[in-house]
Amino acid sequence: MAKQVDSTSTGSVDRREFLKGAAAGAAGAAGAIVAGPASAQQAAPANQRPGVTRPTEADARADFVPPEPRVDARFIRHPSSDYMVDVLKALDFDYVAVNPGSAFEGLHESLINHGGNRKPEILTVLHEEAGAAIAHGYAKAAGKPMMTLMHGTVGLLHAGMGLFHAWCDRVPVFAIVGQPRNPTSVINRPHSAQDMGSIVRDFMKMDDEPTNLDVFANIAMRAYTIGLTPPRGPTLLVIDSELQEAPIPDPSKLTIPRLSMPSIPQGDSGAVKEAARLLVSAERPLIRTGKLARTSAGWDRLVELAELLQAPVDVGGYGSWQDFPSWHALYGSGGSDYRPDVILGLEINDMTPSVRAVRATGGKTISICSEYLSQGHNIHDFGNYSEVDVAIAADGEVTLPSLIEEIRKQSTGNAQRLRTARGAQVAAAHKAIRESEIDTARYGWNSSPVSVPRMVAELGRQIQNDDWAIVSGHQFTGQWQRRLLNHDKFYRYNGDSGGFGIGYDTPASVGGALAHREHGRLPIAIVGDGDFNFVGAGALWTAAHHKIPLLVIVHNNRAYHAEVMLVQRTAARRGRGNDMVDIGNVIRDPAPDYAKIAQGYGIYAEGPIADPLALGPALERALARVRAGEPALLDVISQPRGPT
Amino acid sequence: MKQRGFAAVLASVVVASGVVAAASLSAQQQAEPVVGDAARGKPLFSDTFNCYACHNFDAQSGERRLVPLNYTQEGFITFVQNSPLPNMPAFPDASPQQLADIYAYIRTIPADAPALREIPLLSDIQQRKTRAAAD
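Protein chains in written order, with numbering that gives the first Met the number 0: chain U, 0 to 643; chain B, 0 to 134.
Okay, here's the thing in structure tokens:
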């Protein structure tokens, strides 16, 4: 048991000094402070010289190779990291993703022992990229951010890709990185940086490094509010290790700031009125959505707007969130004969294609988008400047109620008759499209490997009586999830990565599944084999360790298949033949056995499954495990592409 | 509908490039059309030319269906060597013999598109989609 010393004591003895003291036979002073070594000394063999403890090889190695305690072996009654945890608790986090690192061991210890490992509870992650992606997927499904903690420099670099995706997807992630500002070991020197935040600054809404506890509390509140104000994004706090460890001089002088969330900017009333006028007078309005609905209320308002106008809703391809029911008669762009004369873009970064589409016929475009409020940044994900007719710098979701109200005010009986006729036309086109899609799904129905439509349809059969949620993106299954699964609720689909990098889907699905766990929903991910190979297996261990139910279907085409096609086209264009294009693109010879990998992480898994007749029973078995509260994986050998 | 669109493009390419293609064929080739061998065509489809990459191993559940392939061998060869489609590379170096082999292989692949009534799972989805759209 260590002797307690006053937290303001400066009489510290570090390990190096202690060993030096021991070698000089002055163990008494050191032993009075640290009882452990002294006891060991007392138990030393009798043939050793009294009063002298020879450092063992391990001791000597430990003297030069960290981890070594940055702060002395003093007992610290009120470490600053306890206060940091109190501040973070005020932000109501449920979870914090942690891959441990000595740069935040003070905060780590306080989360466990001072915070009781509750709100936030630590999720152990095996890679910082997985931690950031879990936080990303969780935030979209839960509607609130998660924290992620990273080691100085190295942890932040690992997390970079996950944070980048959160940025591109406009999703808040509350990131904290430890900073050994005054490193005492050779190992921690590279983990310290003059400007730690600069490592990821190009894709963070803000970063800052507090210099004292008052500033920490201030910056924590700012990071939270800025991260959640559209356009949303990840934020970063850089926390000096010594600040975490330092004793609080006078706890009574510290207070926890009250969280004061700003209201989200709505569209200017005059501009909204003009937008409503254009939409009411339009003959063929079209609604296009990007990352619009953050909440089920936003989803409901979009349905209300579409039905009010009887206008089709094009949710776009990859990168968007699910904003509109996928089997609704107004889902889609209205068919090939529907030529819009007014296009309303809701959180569409780049309206240029819409402007181009209506310009020739004198049509109009309206854009309601929070991206107008964004400050300049390095990543070119904001799209082109667009010559829209009405540009409203505001959040799309919170502007919808006033837009709907204004449309109702301006609507006349004639406008309503027009809408009824329009709705019938759009519904007829929708019927033709959905019949064509089902017809297409028949092709290769019995093929082995399994066709993409069959894989999705077999899944749909198994979950039709569950309250399910697809927590992965759909980038590699085309539109087949939306075509064959009824996305009839806001939470049915959690969206793609935003940045189109590989490695998001599996860990983000774990985060989404975690958010759905408390609602008893059945989370499912369909991930590419390429994606799974990044940090997916380790992310599944996190799901197993924390008992997060999730079915992962590996859509395994044994390749980075899009690149097979791209290199093939390039080779053909250059007249160089196609027999070499697999090089660097395929994942064969040997073909990884993803079921075995998952089993190695303690997860129920089956595969490889190439026979379509075997898929249904395998899904049934795996889903039984997921419904019982655990993760499961199926490795499905699939045809490389789904029909378009 | 997509198949018809593809067919139309294929037909136009066959017509448009037929003269050129015919002129490029040797007198012997014109006199003796190559005879395809399905066994040789399979590895050409799956490996050498990586046709599977877009058309899938079954040649029918990918981005463009090849089964059933209702075109003449000559039309197929001409199209593949001169494809004008942005997503379909032209293969000018593929020999008529190789393409005839691939053609023969594709022709051996049975069409696998059961009628909707024979796939209860899909017809059930069709009905549920119709109900959802009507709600």
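Cβ coordinates follow ideal geometry from the N, Cα and C atoms, glycine included. Keep in mind that this is a model prediction, so the values were computed, not measured.
- Residue-level contact check: Ser60/B touches chain U, since one or more beta carbons of chain U fall below 9 Å from its beta carbon.
- Against chain U, the CB of Ile118/B has a partner CB under 9 Å away; the residue lies at that interface.
- For Ala131/B, the residues of chain U that pass the 8 Å Cβ criterion are Pro324, Trp326, His327, Asn485, Asp487, in the order they occur in the chain.
- Residue nearest to Asn464/U within the set Arg626/U, Arg257/U, Ile111/U is Arg626/U (criterion: CA-CA distance).
- Counting C-beta pairs with one atom in each stretch, the region 473 to 487 of chain U and the region 324 to 332 of chain U have three or more that are closer than 8 Å, which means they touch.
- Between the region 549 to 568 of chain U and the region 524 to 539 of chain U there are three or more C-beta pairs closer than 8 Å, enough to call the two in contact.
- Annotation note: the region 57 to 97 of chain B contains the following uninterrupted alpha helix (DSSP H) runs of length 4 or greater, listed N- to C-terminal: 72 to 81.
- In chain order, Ala132 make up the part of chain B whose C-beta sits under 7 Å from the C-beta of His429/U.
- Taking C-beta atoms under 8 Å as the contact rule, Ala428/U and Gly333/U qualify, at a distance of about 6 Å.
- In this structure, the alpha-carbon of Glu405/U lies about 17 Å from that of Ile342/U.
- For Val397/U, the secondary structure class from DSSP, reduced to helix, strand or coil, is helix.
- Rounded to whole angstroms, Pro607/U and Ala158/U show a C-alpha spacing of 31 Å.
- Judged by DSSP in its simplified three-state form, Lys118/U adopts coil rather than helix or strand.
- Judged by DSSP in its simplified three-state form, Met146/U adopts strand.
- Taking every protein chain shown into account, the CB of Ala621/U has 16 or more other CB atoms within 10 angstroms, so this residue is buried.
- Rounded to whole angstroms, the Cβ separation of Glu303/U and Ile432/U is 23 Å, and the two are not in contact under 8 Å.
- At least one beta carbon of chain U lies nearer than 9 Å to the beta carbon of Ile124/B.
- Within 7 Å of the CB of Leu121/B, the CB atoms of chain U belong to Ile437, Ala440, Arg441, Ala456, in sequence order along the chain.
- Contact annotation: Ile76/B and Tyr104/B have beta-carbon atoms that are not nearer than 9 Å.
- Trp467/U has Leu521/U as its beta-bridge partners, per DSSP.
- Sequence-distant partners of Pro591/U (beyond 5 residues in either direction) whose C-beta falls short of 8 Å from its own C-beta, in its chain, are Asp528, Asn532.
- Against chain U, the CB of Pro32/B has no partner CB under 9 Å away; the residue lies outside that interface.
- Against Pro67/B, chain U offers no close residue; the least beta-carbon distance is about 10 Å (beta-carbon pairs closer than 9 Å).
- Rounded to whole angstroms, Arg416/U and Tyr337/U show a C-alpha spacing of 18 Å.
- Counting along the chain, no alpha helix (DSSP H) covers Thr364/U; the unbroken beta strand (DSSP E) around it starts and ends at 363 to 368.
- Pairing Pro630/U with Pro506/U gives a Cβ-Cβ distance that is not under 9 Å.
- Ranked by Cα distance from Lys143/U, the options Ala296/U, Gly500/U, Val237/U, Tyr223/U are led by Tyr223/U.
- The alpha-carbon of Ile247/U is positioned some 48 Å away from that of Ile391/U.
- Residue nearest to Arg169/U within the set Asp201/U, His515/U, His545/U, Gly497/U is Gly497/U (criterion: CA-CA distance).
- The three-state secondary structure of Arg106/B, taken from DSSP, is helix.
- Between the region 586 to 600 of chain U and the region 534 to 552 of chain U there are three or more inter-stretch CB-CB distances shorter than 8 Å, so the stretches are counted as touching.
- The beta carbons of Ala219/U and Leu90/U sit about 7 Å from each other, so the pair counts as a contact at 8 Å.
- Between Met146/U and Ala216/U, the gap from beta carbon to beta carbon reaches 9 Å or more.
- According to DSSP, residue pairing for Leu242/U in a beta bridge does not occur.
- As computed with DSSP, Pro284/U is found in a beta bridge with Val341/U.
- Membership of Gln178/U in the beta strand (DSSP E) is indicated by the continuous run 173 to 178.
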